[in-house]
Structure formats: C-alpha cells, structure tokens
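Engineer:
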Ligand SMILES: Cc1cc2nc3c(=O)[nH]c(=O)nc-3n(C[C@H](O)[C@H](O)[C@H](O)COP(=O)(O)O)c2cc1C
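Residue numbers (my numbering): 51 to 384.
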C-alpha cells in the first residue's frame with residue numbers, strides 16, 4: 051500500500067491527485083480519473099461572489115458525489131467577507147476540503163483581484179484564507195497558488211508561510227509564475243523551497259505527465275502529494291500508472307481498443323450527466339474524444355473529425371474506424 055497523508059482530518063493516498071481545471075475537469079472527468087485511481091479531486095473553480103448572489107450554476111459546480119470523495123470544492127474571490135459567506139454556502143454540499151484559487155492567471159479573474167493577483171498582495175491572501183478557515187469549521191481549507199507573479203521573482207515561500215499562519219491545512223504549488231501562464235518550465239526547486247519552509251502538507255504541481263515525472267516531482271521537491279492537470283487529458287490511466295509505481299505493482303498500459311472503450315465510457319458519462327440534449331452535450335465531449343486519440347498514426351485527421359461529432363453513434367463509429375486504421379497499419383508493417 052502506498053503511504054497516506056492527512057489534509058486536516060482527511061486521509062489521502064500518496065499517489066496522485068487531479069488538479070482543478072475549469073472547462074475540463076467536470077464531474078464526468080473527475081469520475082473517470084477516480085475510476086482509474088486519482089487519490090483526490092478538485093472541482094472547477096467557482097466564484098465566491100457568484101455563489102453569494104445565488105448564481106444558478108452553483109449547484110452544478112459544487113455538488114460532491116460519494117464516488118468523487120475525497121473531493122475539494124474550489125473557490126476564487128478577492129474579498130474576505132464574500133469568501134466566508136461562500137464557504138458557508140458550499141458547506142451545504144459537504145465537500146471534504148475547501149480549496150481557494152490563488153493561481154489563476156487569466157485577466158478576467160486577475161482583474162478582479164482574485165486568482166494569482168493575490169500573490170501580489172500576501173496580506174490580503176492571508177485575510178481571505180483566515181476568513182475561509184473561520185467559516186469552514188472543521189472542514190480543512192487549502193490554497194493553490196503559483197511560484198510567484200513575475201518570472202524570476204518567486205514569492206511562493208513568503209505566500210505559503212503566511213497562509214500556513216492563517217490556518218491553511220495544505221498548500222498546492224504550481225511551479226510557474228503568473229506571467230508564464232501554462233508554458234515554459236515549471237520550477238520544482240520553488241516547490242521544494244516551499245516544502246522546506248512550512249509544516250503543513252505541500253502538493254506539487256506542474257508538468258507531471260507519467261509515473262517517471264511523478265516520481266521526479268516527489269524526489270526533487272519532497273512534496274507530500276503530486277497533482278496532475280493536463281497530463282490526464284484523454285489519459286485517466288495516468289493515475290493507475292502512478293498508483294502501480296507507488297505500490298510496486300506491475301503496470302500494463304491500455305491497448306488502443308481499451309482506450310477507445312474508455313473514451314466511449316467517458317462520453318456516455320458526459321451525456322448522462324449533462325442537462326443538454328445529445329447534440330449539445332456532444333459539444334462538451336468533442337475535445338475529450340480528440341485527446342483520447344492523441345499520439346497515433348493519423349491522429350491529427352481523426353482529432354479534427356472529433357470536433358464534428360454530434361451523436362454517440364458517430365463517436366462509436368469513429369472509434370471503430372480509428373481502431374481499424376491502426377490495425378491495417380500494423381498488418382502492413384507501415
Ligand atoms: C484548461 C485549464 C483549466 C484550469 N483551471 C483551473 C482552475 O479552475 N483552478 C486552478 O486552481 N487551476 C486551474 N488550472 C491550472 C491547473 O490546475 C494546473 O495548475 C496547471 O495546469 C499546471 O499543471 P499541469 O502541468 O499538470 O497541467 C487550469 C489549467 C488548465 C490547463
């Protein structure tokens with residue numbers, strides 16, 4: 051058995067967690083990752099202010115099903131009062147953990163003073179955390195932030211120490227600065243510095259794409275848990291691969307047939323959980339289908355065709371055609 055860690059009162063396996071990803075890691079996605087062994091999942095970010103003004107999307111974004119546990123609901127906001135109020139509302143959905151987003155780089159969020167903008171105002175970040183911790187009672191509050199605002203000027207250590215003092219139960223650090231957005235190198239040394247500076251668990255995040263890079267993240271940073279975002283695109287198997295490595299179990303990668311079967315399972319889940327009709331819900335499924343087809347002969351063309359899918363039957367037929375293409379290529383030794 052792999053080790054476990056404690057985030058407040060919550061026990062989490064020390065394998066790999068699914069990162070919050072707005073527009074990607076919805077319930078269907080989280081369930082697929084859970085089925086393949088994700089140790090912990092986080093919701094898409096939800097606006098604290100939006101919740102307070104009873105945004106109609108609140109229930110869809112905050113609902114936690116038992117199959118997803120342990121799960122955090124992630125909030126973003128820049129005002130301690132709204133954050134506290136939002137935490138109280140979110141508690142009705144009984145999340146295991148409440149996470150605060152202090153890493154989002156997009157102007158729409160940053161211009162409201164939330165997300166990674168809080169890395170430029172550590173005292174306010176601390177006040178927001180304090181307010182959330184007070185409102186959350188015995189539900190642990192964690193914060194996810196970046197290396198810093200400007201590249202080359204990391205302040206993740208200062209930030210993490212302040213948040214620990216404010217009562218945060220764990221910190222997740224994405225080793226990029228705000229101005230790097232999602233490209234360039236993610237810095238494991240900054241995550242290591244944070245780990246050495248605080249006593250609460252540190253979750254390392256950035257560019258983990260397989261068991262090797264996961265082990266590297268653990269070894270280079272000493273972090274307590276690894277968190278994976280884009281490496282899970284069309285690849286929930288990554289959690290099984292890491293679970294196998296951490297537990298000394300042999301890992302057998304999925305065959306193409308298995309991948310296509312799982313892709314169709316994922317699409318069925320999207321259709322089942324969506325409130326939209328099949329055609330509209332297939333719009334949500336398209337990018338996922340394309341990701342499952344990555345990395346094979348003829349992928350580019352097939353990925354393009356995924357973006358035209360408008361029914362489950364079409365997805366099934368496309369998966370079969372894709373399998374046949376790879377088979378005929380193998381048969382012809384191409
Ligand atoms: C499409 C997308 C949406 C994201 N949405 C969120 C979010 O809602 N909250 C958050 O804290 N981080 C969000 N992130 C950042 C990821 O959680 C993660 O920190 C980042 O992708 C780096 O990890 P990776 O290299 O494993 O992808 C998002 C990233 C992507 C690519």
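For each residue, glycine too, the CB sits at the ideal point set by N, CA and C.
1. Taking residue 205 as the reference, which of 320, 240, 54 has the closest Cα?
2. Just curious, the alpha helix (DSSP H) that residue 332 is in, first and last residue?
3. Closer than 8 angstroms: is that where the CB of residue 264 sits relative to any heavy atom of ligand 1?
4. Hey, how far is the Cα of residue 201 from the Cα of residue 275?
5. Let me check you understand the geometry: is the CB of residue 112 closer than 8 angstroms to at least one non-hydrogen atom of ligand 1?
6. Three Cβ pairs or more, each shorter than 8 angstroms: is that satisfied between the segment 175-192 and the segment 216-226?
7. Taking contact to mean 3 or more Cβ pairs, one atom from each stretch, closer than 8 angstroms, check whether the segment 234-250 and the segment 161-168 are in contact.
8. Measure the C-alpha to C-alpha separation of residue 292 and residue 351 and round it to an integer number of angstroms.
9. Reducing DSSP to helix, strand and coil, say where residue 108 ends up.
10. Please classify residue 363 as buried or exposed, where buried requires at least 16 other C-beta atoms within 10 Å of its C-beta.
11. What residues in its chain sit with their C-beta under 7 angstroms from that of residue 265, if we drop five residues either side in the sequence?
12. Any heavy atom of ligand 1 within a distance shorter than 8 angstroms of the CB on residue 178?
13. Check residue 316 in the structure and name its three-state DSSP category.
14. In chain order, what are the residue ranges of uninterrupted beta strand (DSSP E) at least 3 long that sit wholly in the segment 203-282?
15. Starting from the C-beta of residue 256, find all residues in its chain whose C-beta is less than 7 angstroms away, skip the five residues before and the five after it, and write them out in chain order.
16. Just the C-alpha distance for residue 230 and residue 171, rounded to the nearest angstrom, thanks.
17. Evaluate residue 251 with the Cβ neighbour count: other Cβ atoms within 10 Å of its Cβ, from every protein chain shown; 16 or more gives buried, anything less gives exposed.
18. Does the beta-carbon of residue 163, which I'm using as the reference point, lie nearer than 8 angstroms to any heavy atom of ligand 2?
19. Between residue 87 and residue 151, what straight-line distance do the alpha-carbon atoms span, to the nearest angstrom?
20. Distance check for residue 78 and residue 323, CA to CA, integer angstroms please.
21. Just to confirm, are residue 91 and residue 106 a CB contact at a threshold of 9 angstroms?
22. What whole-angstrom Cβ distance do residue 332 and residue 306 have, given they're in contact under 8 angstroms?
23. Would you check if there are 3 or more beta carbon pairs closer than 8 angstroms linking the segment 124-133 to the segment 96-112?
24. For a minimum of 4 consecutive residues, which ranges assigned as the alpha helix (DSSP H) are wholly contained in the segment 88-151?
25. With a 10 Å radius around its C-beta and 16 neighbouring C-beta atoms as the bar for buried, classify residue 302 as buried or exposed.
26. For residue 330, count neighbouring Cβ atoms within 10 angstroms of its own Cβ and tell me buried if that reaches 16, exposed if not.
27. Can you tell me the Cβ-Cβ gap for residue 222 and residue 245, rounded? I've got them flagged as a contact below 8 angstroms.
28. For the beta strand (DSSP E) that residue 193 lies in, which residues bound it at each end?
29. Mind checking whether the beta-carbon of residue 200 lies closer than 8 angstroms to any heavy atom of ligand 1?
Structural biologist: Let's see:
1. Of the candidates 320, 240, 54, 240 places its Cα closest to the Cα of residue 205.
2. Start and end: 328-342.
3. Ligand 1 has no heavy atom closer than 8 angstroms to the beta-carbon of residue 264.
4. Straight-line Cα distance between these residues: approximately 24 angstroms.
5. It does not: the Cβ of residue 112 is nowhere closer than 8 angstroms to a heavy atom of ligand 1.
6. The segment 175-192 makes contact with the segment 216-226; the number of CB pairs closer than 8 angstroms reaches 3 or more.
7. Contact fails: fewer than three Cβ-Cβ distances are below 8 angstroms.
8. When the Cα atoms are used, residue 292 and residue 351 turn out to be separated by approximately 31 angstroms.
9. In the three-state scheme derived from DSSP, where H, G and I count as helix and E and B as strand, residue 108 is classed as helix.
10. When all chains shown are included, residue 363 counts as exposed.
11. Contacts found: 295.
12. Outside the cutoff, so no.
13. The three-state secondary structure of residue 316, taken from DSSP, is helix.
14. The DSSP assignment places complete beta strand (DSSP E) segments of no fewer than 3 residues inside the segment 203-282 at 220-227, 252-255, 275-278, in order along the chain.
15. Excluding residues within five positions, the ones whose Cβ falls inside 7 angstroms are 224, 225, 226, 236.
16. Their Cα atoms are separated by approximately 19 angstroms.
17. Buried is the label assigned to residue 251, since at least 16 other Cβ atoms lie within 10 Å of its Cβ.
18. Absence of ligand 2 from the depicted structure is noted, with ligand 1 being the only ligands included.
19. Taking the CA atoms as reference points, residue 87 sits about 24 angstroms from residue 151.
20. Going by the C-alpha atoms only, they are around 7 angstroms apart.
21. Cβ distance not < 9 angstroms, so residue 91 and residue 106 don't count as in contact.
22. About 22 angstroms; that fails the 8 angstroms criterion.
23. Yes: at least three Cβ pairs fall under 8 angstroms.
24. DSSP assignment within the segment 88-151 yields the following whole alpha helix (DSSP H) runs of 4 residues or more, N-terminal first: 98-102, 108-112, 130-141.
25. It is exposed - the Cβ of residue 302 has fewer than 16 other Cβ atoms within 10 Å.
26. Answer is exposed; the Cβ neighbour count stays below 16.
27. About 12 angstroms separates the two Cβ atoms, so there is no contact after all.
28. Judged by DSSP secondary structure, residue 193 falls within the beta strand (DSSP E) whose first and last residues are 191-198.
29. No; taking the cut-off as 8 angstroms, the Cβ of residue 200 has no heavy atom of ligand 1 nearer than that.
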